[in-house]
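Residue numbers (my numbering), protein chains in the order written: chain A, 8 to 170; chain B, 5 to 438.
Working notes, beginning with the structure itself.
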C-alpha cells in the first residue's frame with residue numbers, strides 16, 4: 008500500500024476516535040436478558056422467580072434426593088452478578104458476602120455459590136457438573152445447556168424478569 | 005493530488021472534532037462519568053469473555069487440524085512445528101477446563117475454618133463496677149462436607165476469664181441430608197427456640213448489636229441456649245408459604261441450668277423441642293414462627309421441675325429496615341408442691357441500613373423486657389437469682405469498616421430487679437471475621 012494511503016487510513020482512524028460515543032450501543036448492553044441455565048438432565052424447565060430466589064438463597068438444596076443443587080455465580084463487576092444481586096438476592100455485595108458466611112456457619116449450607124469468571128466458564132461448568140445452575144448473558148447461551156423459563160418466560164420474551 | 009487530499013482530510017478531521025465537541029449536552033441524556041466507567045468496565049469484561057470464547061474455538065479448531073496434521077505427518081513433514089504448537093494450545097485449553105471443573109467440584113472432606121473475634125469497651129454508672137476494655141470472645145467455626153450428603157459443623161469459643169481462658173465446644177454436629185425435606189443431625193447445637201438463638205451464633209460480627217438480648221444471652225438461664233441430641237429439620241411442601249420445621253430430642257439442661265448435658269443427661273427424661281416457621285415467597289425477608297420446648301429439670305438432687313417453653317417470633321430480615329421481635333414464656337412446675345410459675349420475656353429490635361456512604365451505617369434500637377414471679381424456685385436455686393426482672397433500652401450504631409469488620413457503639417439504659425435504680429452505660433466494640 009502506498010504511503011499516502013497509509014496516512015489517509017491513519018487520519019481516518021484518528022478522526023473516528025473523535026466522534027461521539029455511540030450511546031445506543033451501551034444502552035442495548037444494559038437491556039440484555041440474563042438466562043438461567045442448567046444441565047439438560049436437570050429435572051426442571053420452569054421456575055417462578057421466588058423459586059429461583061429460594062434456590063440461590065440456599066433454601067432449596069436438592070433437585071432430587073440424589074442431585075444436589077450446585078450454585079454458580081459470576082465474579083464481582085460482571086453484569087450478570089449485578090442482576091442476580093439486585094433482583095434475586097436484593098442485597099449489596101457486602102450483604103451478599105455476610106449472608107453466605109452466616110448461612111454456612113449456621114450449618115444451613117456447606118458452601119457458598121462457586122464463582123465463575125466468564126459466561127463460557129459458567130456454561131462449561133453447568134455442562135460438566137450435575138445439578139449446576141448459573142446465570143449467563145442470554146446471547147452467550149451455549150449448546151449443551153438448558154435455559155430455564157422464569158415465571159413461564161424465556162429470555163427475550165416480554166415480561167422476563169431477569170434483565 | 006496528495007496535498008489536496010490532505011487538505012480535504014484536515015477539514016474532515018476538524019469537522020469531526022467540532023461535531024464531537026458540539027454534541028448536544030442534554031443533562032437528562034448525558035451519563036455521568038461513573039456510569040461511563042461502569043459501562044467501559046462491562047465492555048472490557050465482555051471483551052474478555054469474547055476473547056476467551058475465541059481462544060477456545062481456535063484451540064478446538066487447532067486440535068482438529070492437529071489431529072489431521074498427525075495423520076498427514078508423513079506427507080506434510082515440511083511443516084511440523086505449527087500442528088505441534090496448536091496441539092499444545094489445545095491440550096492447555098483442555099487442561100484449563102479440567103482445572104476449572106476440578107476446582108469447582110467439592111472434595112471430601114473439605115474443611116473451611118472461619119474465625120470471629122471482638123474487642124470491647126464498657127463504662128457504666130453502676131456502683132462497684134469499673135470501666136475498661138475486654139477481649140470478648142474468640143471463636144472458630146468449622147464446616148466440612150464429608151460427602152455429598154454428610155457434613156460436619158463445629159464451633160469453639162475462647163472467653164477471657166480473670167486467670168485463664170474458658171474454652172468451650174459451642175456446637176459440634178454431623179448432619180445427614182436425605183433431601184430438602186428431611187435432614188438429620190446429631191451432636192450439640194443451638195436450641196431452635198425462637199429466632200435469635202438459632203440465627204446468630206457466637207461471633208459478634210454476625211449480629212447488628214454489641215450484645216445479645218438478655219433472654220438469649222450466652223451463660224444465661226432463661227432459655228436453654230444449647231441442646232445435645234438429635235435434630236430433624238427440613239422444608240415442608242407448602243408452595244409460596246415457605247414452611248420449614250425442626251424437631252429435636254436431647255438431654256436438656258444439666259444441673260447447671262446454663263449448660264447442656266454434654267457429658268450425659270441429669271435424669272432419665274429426654275427434652276424435646278419442635279419449631280415451625282414460614283418464609284412467604286411473596287414477602288421476601290419476612291419470617292414468622294413458633295416453637296415449643298419440654299424438659300424435666302433436676303437442678304439439685306431430689307428436686308424436679310417440669311419445664312415448658314413456648315416461643316414466637318416475627319422478623320423482617322432485610323436491612324431497610326431490619327425488624328426482629330421474639331417472645332418466650334417459660335413455665336415451671338414444682339413436681340413436689342405442684343405449684344406453677346410463669347416468666348415472660350420479649351425484645352423488639354429495629355435497625356435501618358442507611359443508603360449513604362456505601363451503606364456502611366446502620367443505626368439501631370432495641371427494647372427488651374423480662375418479668376418473673378417474686379419467688380421462682382428454679383431461678384432462685386442459688387443465692388444469686390439467675391433471672392431477674394429487666395426493662396432495658398439500647399440505642400446504637402453499627403459502622404461496617406469493611407465487608408468483614410465492623411465498629412459498634414451503643415448506649416444502654418437498664419433496670420434489673422424490682423425497685424432497683426436504672427443503670428446507664430456506654431459500650432463500644434469492634435467485631436470482625438477472618
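Think of the CB as a built atom: it goes at the ideal place given N, C-alpha and C, for glycine as much as any other residue.
Is there a Cβ of chain B sitting closer than 8 Å to that of residue 132 of chain A, yes or no?
yes
Can you round the beta-carbon distance between residue 149 of chain B and residue 114 of chain B to whole angstroms, since I take them to be within the 8 Å contact cut?
5 Å
Please list, in chain order, the chain A residues whose beta carbon lies closer than 7 Å to that of residue 182 of chain B.
72
For residue 121 of chain A and residue 116 of chain B, the rounded distance between their alpha carbons:
14 Å
Taking the DSSP output, what are the residues bridged to residue 406 of chain B?
Beta-bridge partners of residue 406 of chain B (DSSP): B:409.
Compute the beta-carbon to beta-carbon distance between residue 143 of chain B and residue 155 of chain B, rounded to the nearest angstrom, for a pair I have assumed lies under 8 Å.
Not a contact, Cβ separation roughly 19 Å.
Since residue 239 of chain B and residue 184 of chain B should fall inside the 8 Å C-beta cutoff, what is the C-beta to C-beta distance between them, to a whole number of angstroms?
5 Å
Three-state secondary structure (DSSP) at residue 243 of chain B?
helix
Beta-carbon contacts of residue 119 of chain B that lie in its chain and below 8 Å, excluding the five residues immediately before and after:
Excluding positions up to five away in sequence, the list reads 142, 143, 144, 145, 437, 438.
Below 8 Å on C-beta distance, what does residue 323 of chain B contact in chain A?
102, listed in chain order.
Anything in chain A within Cβ reach of residue 216 of chain B, meaning under 7 Å, just list it in chain order.
Within chain A, no residue comes near residue 216 of chain B; the closest Cβ sits about 15 Å away, beyond 7 Å.
Determine which residues share a DSSP beta bridge with residue 194 of chain B and list them.
Residue 194 of chain B is bridged to B:230.
Would you kindly check if the distance between the Cβ of residue 380 of chain B and the Cβ of residue 351 of chain B is under 8 Å?
no
Determine, using beta carbons only, whether residue 404 of chain B comes closer than 8 Å to chain A.
yes
Please list, in chain order, all residues of the same chain as residue 431 of chain B whose beta carbon is under 6 Å from its beta carbon, the five residues on each side excluded.
126, 214, 414
CA nearest to the CA of residue 3 of chain B, picked from B:168, B:207, B:336
As shown, chain B starts at 5 and ends at 438. That puts residue 3 of chain B outside it, with no answer to give.
Verify whether the separation of the beta carbon atoms of residue 228 of chain B and residue 295 of chain B is less than 8 Å.
No; because the gap between Cβ atoms is not below 8 Å, this pair is not in contact.
CB of residue 293 of chain B within 8 Å of CB of residue 320 of chain B, strictly
no
Going by alpha carbons, who is nearest to residue 126 of chain A out of A:77, A:75, A:142?
A:142
Check whether the segment 141-160 of chain A touches the segment 41-50 of chain A, taking contact to mean three or more Cβ pairs, one atom from each stretch, closer than 8 Å.
yes
Less than 8 Å separating the beta-carbons of residue 81 of chain A and residue 129 of chain A?
Against a cut-off of 8 Å, the Cβ pair of residue 129 of chain A and residue 81 of chain A comes out as a contact.
When the cut-off is 8 Å and only beta carbons count, does residue 152 of chain B lie next to chain A?
yes
For residue 39 of chain A and residue 144 of chain A, which I take to be in contact (beta-carbon distance under 8 Å), what is that distance rounded to the nearest angstrom?
With a Cβ gap of about 6 Å, residue 39 of chain A and residue 144 of chain A count as contacting.
Please list the partners that residue 111 of chain A has in chain B, where partner means a Cβ-to-Cβ separation under 9 Å.
Within chain B, the C-beta atoms nearer than 9 Å to that of residue 111 of chain A come from 116, 118, 145, 147, 157, in chain order.
Here's a check: name, in chain order, each residue in its chain whose Cβ is nearer than 6 Å to the Cβ of residue 60 of chain A, leaving out the five neighbours to either side.
95
Taking just the CA atoms, how far does residue 107 of chain A sit from residue 87 of chain B?
Bear in mind that the predicted position of residue 87 of chain B carries a pLDDT of just 46, short of 50, making it unreliable; the figure below should be weighed with that in mind. Taking the straight line joining both Cα atoms gives about 47 Å.
Chain-ordered neighbours of residue 205 of chain B on chain A, where CB pairs are closer than 8 Å
Under the 8 Å cutoff, chain A gives 112, 113.
I'd like to check one pair, residue 421 of chain B with residue 393 of chain B: are the Cβ atoms closer than 8 Å?
Cβ distance < 8 Å, so residue 393 of chain B and residue 421 of chain B count as in contact.
Alpha carbon of residue 45 of chain B to alpha carbon of residue 119 of chain A, nearest angstrom:
Roughly 25 Å between the two C-alpha positions.
Give a yes or no on contact between the segment 327-347 of chain B and the segment 360-369 of chain B, applying the rule of three or more CB pairs nearer than 8 Å.
no
Quick check: is the beta carbon of residue 160 of chain A nearer than 8 Å to any beta carbon in chain B?
no
What three-state label does DSSP hand residue 131 of chain B in the structure shown?
coil
CB-CB length for residue 377 of chain B against residue 356 of chain B, believed under 8 Å
With a Cβ gap of about 37 Å, residue 377 of chain B and residue 356 of chain B do not count as contacting.
Return the residue from the list B:262, B:209, B:212 that minimises the CA-CA distance to residue 220 of chain B.
Cα-wise, what sits closest to residue 220 of chain B is B:262.
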